[in-house]
Amino acid sequence: MIDKPGGPGVLAWQEVPDPVPGPGDVLIDVAASAVNRADVMQRQGLYDPPPGAPPYPGLECSGVVAEVGSDVEDFKPGDRVCALLAGGGYAEKVAVPWQQVMPVPDGVDLVEAAALPEVACTVWSNVFMIGRLRKGETLLVHGGASGIGTMAIQLAKAFGSRVVVTAGSAEKIARCLDLGADEGIDYHKEDFAEKVQADVILDIIGGKYLQGNVKALKTGGRLVVIGLQGGSKGELNLGALLAKRASVHGTTLRGRPVDEKGVIVRGVVENVWPLVAAGAIRPVIYARVPMSDAAEAHKIMESGDHIGKILLVG
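Residue 278 in full-length UniProt numbering sits at position 278 of the sequence shown, and the numbers go up by one each step.
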């Protein structure tokens, strides 16, 4: 729980009533959750959960189905699942609309499956559904060593695209290259806009990178902004955008209606899960931390030293 906004120390493991599933919900006994940047922002008081979501953090989980609502047909008690959540993953149980629940991919450990829902749904919806990345095109991923970045590298390569990443150290760039990235740019030393021309850019930085991103776009390029770590405001050169016949998209995932999330989830199960089962994509896990010690996991996230996902294990 978060009694008041603040640093990692405000996170407290407390007893709360068990969630009660509605007719269209699946109740999951949580095996693991994962830390996302949105959790940190919620803890700081900068990102309130959407209406109806639990007040405590957690945008994804894996576990075993404990109970299903009367309208649920696709899942049954005992199923191994993972799920995209609007909140509430830092818990022993969570109730989630069935549309946001996915079977654990074949060959994936139940705990490790918690590293997949948020990044898989984010990358699929933004790079492929909105960005329309195609075989042979170039994808530029900012924050290539993040959980989203490590998924974007693997998924884009699996679909036959060239991938360039930005990262903040030689170690992180090397890890991205190991995952299949074709080129890495150290943003402390180089200007990415002078180094790459991309068809699609997946950006977690926002305002600080807006001008550089437009410069780095090819003709017909698509910039998809999903984060604001570098600020919410930037100067947009409309002339450059028009000359390139390019587009800028800003999206979030957490607050979307359940049916929209369901479309994304079904796309992930159909297009991404077979690649995970085949070993072409794998969850990249940096640390496993006890759920009751979520404050320590948030410290790791805020340090910026991690590569891939930080799991919270029940």
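Ideal Cβ positions, reconstructed from N, Cα and C, are used throughout, including at glycine.
Predicted model only: the values in this text are computed from it and were never measured.
Assuming residue i is part of the alpha helix (DSSP H), what are its boundary residues?
| i | result |
| --- | --- |
| His298 | Ala294 to Ser303 |
| Asp3 | No alpha helix (DSSP H) holds Asp3; DSSP gives it neither H nor E. |
| Asp259 | Val258 to Asn271 |
| Lys157 | Gly147 to Ala158 |
| Gly239 | Leu238 to Ala243 |
How far does the beta strand (DSSP E) with residue i in it extend, from its first residue to its last?
| i | result |
| --- | --- |
| Ile285 | Ile285 to Pro290 |
| Ala167 | Arg162 to Ala167 |
| Arg222 | Leu217 to Val225 |
| Ala198 | Ala198 to Asp203 |
I need the DSSP call for residue i, collapsed to helix, strand or coil.
| i | result |
| --- | --- |
| Ser125 | helix |
| Pro23 | coil |
| Arg175 | helix |
| Lys309 | strand |
| Val108 | coil |
| Lys135 | coil |
| Ala83 | strand |
| residue 384 | Because residue 384 is not part of the residues shown, which for the chain are 1 to 314, the question remains open. |
| Leu140 | strand |
| Asn117 | Per the sequence presented here, residue 117 reads as Pro, with Asn not at that position. Pro117 falls in the helix class under three-state DSSP. |
| Lys208 | helix |
| Phe75 | coil |
| Ala193 | helix |
| Gln16 | Note that residue 16 is Val in the sequence shown here, rather than Gln. Three-state result, Val16: coil. |
| Ile130 | helix |
What are the partner residues of residue i, as DSSP defines its beta bridges?
| i | result |
| --- | --- |
| Glu67 | Leu27 |
| Asp186 | Ala167 |
| Ala95 | Leu27 |
| Val101 | Ala83 |
| Gln250 | Checking the displayed sequence, the identity of residue 250 turns out to be Gly instead of Gln. Gly250 is bridged to Val225. |
| Val276 | Beta-bridge pairing links Val276 to no other residue. |
Start-end ranges of the alpha helix (DSSP H) lying completely within the region 32 to 62, minimum 4 residues: 37 to 43
Validate contact between the region 103 to 111 and the region 10 to 26 using beta carbons, cut 8 angstroms, 3 pairs: no
The region 228 to 240 touching the region 204 to 217, judged by at least three CB pairs closer than 8 angstroms: The region 228 to 240 makes contact with the region 204 to 217; the number of CB pairs closer than 8 angstroms reaches 3 or more.
Contact the region 265 to 277 vs the region 289 to 306: 3+ CB pairs below 8 angstroms: no
Any 3 or more C-beta pairs closer than 8 angstroms across the region 150 to 162 and the region 219 to 234: Contact between the region 150 to 162 and the region 219 to 234 is absent, because fewer than three Cβ pairs lie under 8 angstroms.
The region 129 to 139 touching the region 296 to 312, judged by at least three CB pairs closer than 8 angstroms: no
Stretch pair the region 38 to 53 + the region 66 to 80: three plus CB contacts closer than 8 angstroms: No: fewer than three Cβ pairs fall under 8 angstroms.
Segment contact, 8 angstroms Cβ cut-off, at least three pairs: the region 247 to 255 with the region 115 to 133: yes
At least three beta-carbon pairs within less than 8 angstroms, the region 187 to 201 to the region 138 to 149: yes
Three CB pairs or more closer than 8 angstroms across the region 301 to 310 and the region 281 to 288: Short answer: they touch.
Inter-stretch contact (C-beta, 8 angstroms, three-pair minimum) for the region 52 to 61 and the region 98 to 105: Cβ pair count under 8 angstroms is below three, so no.
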